[in-house]
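**Student:** Have a look at this one before I ask anything.
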DNA sequence: CGCGTAATTGAAAAGTATCAACACTGGTGG
DNA sequence: CCACCAGTGTTGATACTTTTCAATTACGCG
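Chains as they are written, first to last, in this note's numbering: chain A, 1272 to 1458; chain Z, 1272 to 1458.
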């Protein structure tokens, strides 16, 4: 649900303090502000320092599907920098958010020369694949009520922190269905 | 749908011919035979040389969800070797299949010492994340007929090569629904 | 206060699953 | 050679789930 990666964030802060002051810059985004746009070329890696953002795809029919919510330490842009393709999702702050930016060249240099960073990135990618596979499998093979209960169990503050619309887009359902199930459950 | 990775397969064959004869072994699997079992510890990386396999998760309620179909050059076991977790899916041959096995230690050594292999693996992970995200987003935000049409467009031989049951499990629907939509479309 | 956005709800329509019956196919053994 | 069997595929009827649409209410903020 809300992914974090404190280990990577710590490592990045250490890098910034030891010779990478210039190549690691810090930025902020207000609510609703996009830090990365779908279908554009990406020239940097980004890491969230603090805040909360949604990572979503806008489909050909205009629907949005939220891939994940990103908290501290979550990375975006890495897929695009590795494959060289244009971005396939948008990253948008849902609370005021600060994040680091690392230019493409510095990212590739780190990957090549810094074994620790290389390992952190491999682990990050592998963990994300695993997490997404489990989530999508669960949602495809269970009904709404079960998927929602699983979500609330994993992330109890769900309804306080994230709008109904975003929750619905995360589950791939209409807000009407979400409301119906929420009401059923509360009975 | 059916993923392949000829670049990685070629590189692996070259490795095997140049000093890795002993650590890269070749095996075969008949139809229905499992090459990797869900919820077990993994001690090797596997790469399909020739054939076709399904990668699927069995959920707590007994349902199967097919993550992907793997053709030549596709890799499995890499997520588990990187994260150290037990496997989250099963890999099962759906036609007679041959595959390479690379022990954990050799895999990690390659990752560390062979920059080309390291890059190939990063690209593989990034490509898989991207592909899965696009597929799941599409399926979540479109109806069955649209998802099926997209699938047939991407992979026209679909119905000849893969059983209805597997197609249904790939789309996360019942075979009854698949048949209904197929009949509607053919009208 | 007034505005825009988010949330809620009902009714009807559309989509999908479940269940059950039956057809087709490729083995296997008598 | 044929009867049988298990697995896969097909189809109809029905029940259930989810969406769509539209109307209303609640809420945060300038």
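All C-beta atoms in this analysis are idealised placements derived from N, C-alpha and C, irrespective of residue type, glycine included.
1. Using Cβ-Cβ distances below 8 Å, what residues of the region 1294–1314 of chain Z are close to chain A?
2. Would you kindly check if the distance between the Cβ of residue 1452 of chain A and the Cβ of residue 1415 of chain A is under 8 Å?
3. Can at least three beta-carbon pairs, one atom from the region 1374–1394 of chain A and one from the region 1322–1332 of chain A, be found at a separation below 8 Å?
4. Taking residue 1338 of chain A as part of the beta strand (DSSP E), name the residues at either end of that continuous run.
5. Chain A partners of residue 1397 of chain Z, CB-CB under 8 Å?
6. Mind listing which residues of the region 1361–1394 of chain Z have their C-beta closer than 9 Å to chain A's C-betas, in chain order?
7. Quick check on the burial criterion: 16 or more other C-beta atoms within 10 angstroms. Buried or exposed for residue 1292 of chain A?
8. Please classify residue 1303 of chain Z as buried or exposed, where buried requires at least 16 other C-beta atoms within 10 Å of its C-beta.
9. Taking the C-alpha atoms as reference points, what is the distance between residue 1462 of chain A and residue 1327 of chain A?
10. According to a CB-to-CB cut-off of less than 7 Å, which residues of the region 1426–1458 of chain A neighbour chain Z?
11. If we cut at 8 Å on Cβ distances, does residue 1408 of chain A have a partner in chain Z?
12. Under the three-state reduction of DSSP, which class applies to residue 1372 of chain Z: helix, strand or coil?
13. Could you say which of Z:1408, Z:1288, Z:1359, Z:1290 lies nearest to residue 1307 of chain Z if we only look at CA atoms?
14. Kindly list, in the order they appear in chain Z, the residues whose Cβ is closer than 8 Å to that of residue 1403 of chain A.
15. For residue 1284 of chain Z, which of Z:1370, Z:1352, Z:1313, Z:1375 has the nearest alpha-carbon?
16. Taking all protein chains shown into account, do 16 or more other C-beta atoms lie within 10 angstroms of the C-beta of residue 1349 of chain Z, making it buried, or fewer, making it exposed?
17. Have a look at the DSSP bridge pairing and note the partners of residue 1274 of chain A.
18. Using a beta-carbon distance below 8 Å, is residue 1419 of chain A in contact with chain Z?
19. Against chain Z, which members of the region 1276–1292 of chain A pass a CB distance test of less than 8 Å?
20. From what residue to what residue does the beta strand (DSSP E) around residue 1315 of chain A run?
21. Please report how far the alpha carbon of residue 1334 of chain A lies from the alpha carbon of residue 1446 of chain A, in whole angstroms.
22. Along chain Z, in chain order, which residues have C-beta atoms closer than 7 Å to that of residue 1340 of chain A?
23. Counting along the chain, where does the alpha helix (DSSP H) carrying residue 1351 of chain Z start and finish?
24. For a contact defined as C-beta to C-beta under 8 Å, what are the partners of residue 1330 of chain A on chain Z?
25. Please classify residue 1351 of chain A: is it buried, with 16 or more other beta-carbons within 10 angstroms of its beta-carbon, or exposed?
26. Give me, in chain order, the residues of the same chain whose beta-carbon lies closer than 6 Å to that of residue 1279 of chain A; leave out the 5 immediate sequence neighbours on both sides.
27. Quick one: what's got a C-beta closer than 8 Å to residue 1330 of chain A's C-beta in the same chain, skipping five residues either side?
28. Using the Cα positions of residue 1431 of chain A and residue 1412 of chain A, report the straight-line distance between them to the nearest angstrom.
29. Cα-Cα, which of A:1310, A:1316, A:1311, A:1407 is closest to residue 1297 of chain A?
30. Give me the DSSP bridge partner(s) of residue 1297 of chain A.
31. Buried or exposed for residue 1425 of chain A, please, with buried defined as at least 16 other CB atoms from any protein chain shown within 10 angstroms of its CB.
32. Whole angstroms are fine: how far does the CA of residue 1398 of chain A sit from the CA of residue 1428 of chain A?
33. Please determine, among A:1389, A:1433, A:1410, the residue with the shortest C-alpha to C-alpha distance to residue 1442 of chain Z.
34. Looking at C-alpha atoms only, which residue of A:1305, A:1444, A:1387 is the closest neighbour of residue 1347 of chain A?
35. Does DSSP put residue 1428 of chain A in a helix, a strand or coil?
**Tutor:** Based on what the coordinates show:
1. Answer in chain order: no residues at all.
2. With contacts defined as CB atoms closer than 8 Å, residue 1415 of chain A and residue 1452 of chain A qualify as a contacting pair.
3. No, the region 1374–1394 of chain A is not in contact with the region 1322–1332 of chain A.
4. Annotation for residue 1338 of chain A: the continuous beta strand (DSSP E) segment containing it runs 1335–1341.
5. Within 8 Å Cβ-Cβ: 1349, 1350, 1353, 1354, 1396.
6. Answer set for the region 1361–1394 of chain Z: 1382, 1383, 1386, 1389, 1390, 1392, 1393, 1394.
7. Exposed is the call here.
8. For residue 1303 of chain Z, the number of other beta carbons within 10 angstroms of its own is below 16, and it is reported as exposed.
9. The question about residue 1462 of chain A has no answer, for chain A in this structure spans 1272 to 1458.
10. Cβ contacts with chain Z: 1443.
11. Chain Z contact via Cβ: present.
12. For residue 1372 of chain Z, the secondary structure class from DSSP, reduced to helix, strand or coil, is strand.
13. Among Z:1408, Z:1288, Z:1359, Z:1290, the Cα nearest to that of residue 1307 of chain Z belongs to Z:1359.
14. Close to residue 1403 of chain A, with beta-carbon spacing below 8 Å, are these residues of chain Z in chain order: 1400, 1403, 1404, 1407.
15. Per the Cα distances, Z:1370.
16. The C-beta of residue 1349 of chain Z has 16 or more other C-beta atoms within 10 Å across all chains shown, which makes the residue buried.
17. Note: residue 1274 of chain A sits in a beta bridge opposite A:1341.
18. With its beta carbon at least 8 Å from every one in chain Z, residue 1419 of chain A lies outside the interface.
19. The residues in question: there are none.
20. Segment 1315–1329, the beta strand (DSSP E) holding residue 1315 of chain A.
21. Here the alpha carbons of residue 1446 of chain A and residue 1334 of chain A stand approximately 13 Å from one another.
22. One finds nothing in chain Z with a Cβ atom closer than 7 Å to the Cβ of residue 1340 of chain A; even the nearest lies about 14 Å away.
23. Segment 1349–1354, the alpha helix (DSSP H) holding residue 1351 of chain Z.
24. Within 8 Å Cβ-Cβ: 1408, 1409, 1412, 1413.
25. Flag for residue 1351 of chain A reads buried.
26. Cβ within range, chain order: 1344, 1391.
27. Taken in chain order, the residues that qualify are 1336.
28. Approximately 27 Å, taken between the alpha carbons.
29. The shortest Cα separation from residue 1297 of chain A among A:1310, A:1316, A:1311, A:1407 belongs to A:1316.
30. According to DSSP, residue 1297 of chain A bridges with A:1371.
31. Exposed.
32. Distance between the alpha carbons of residue 1428 of chain A and residue 1398 of chain A is about 23 Å.
33. Nearest Cα to residue 1442 of chain Z within the set A:1389, A:1433, A:1410: A:1410.
34. It is A:1305.
35. In the structure shown, the three-state DSSP call for residue 1428 of chain A is coil.
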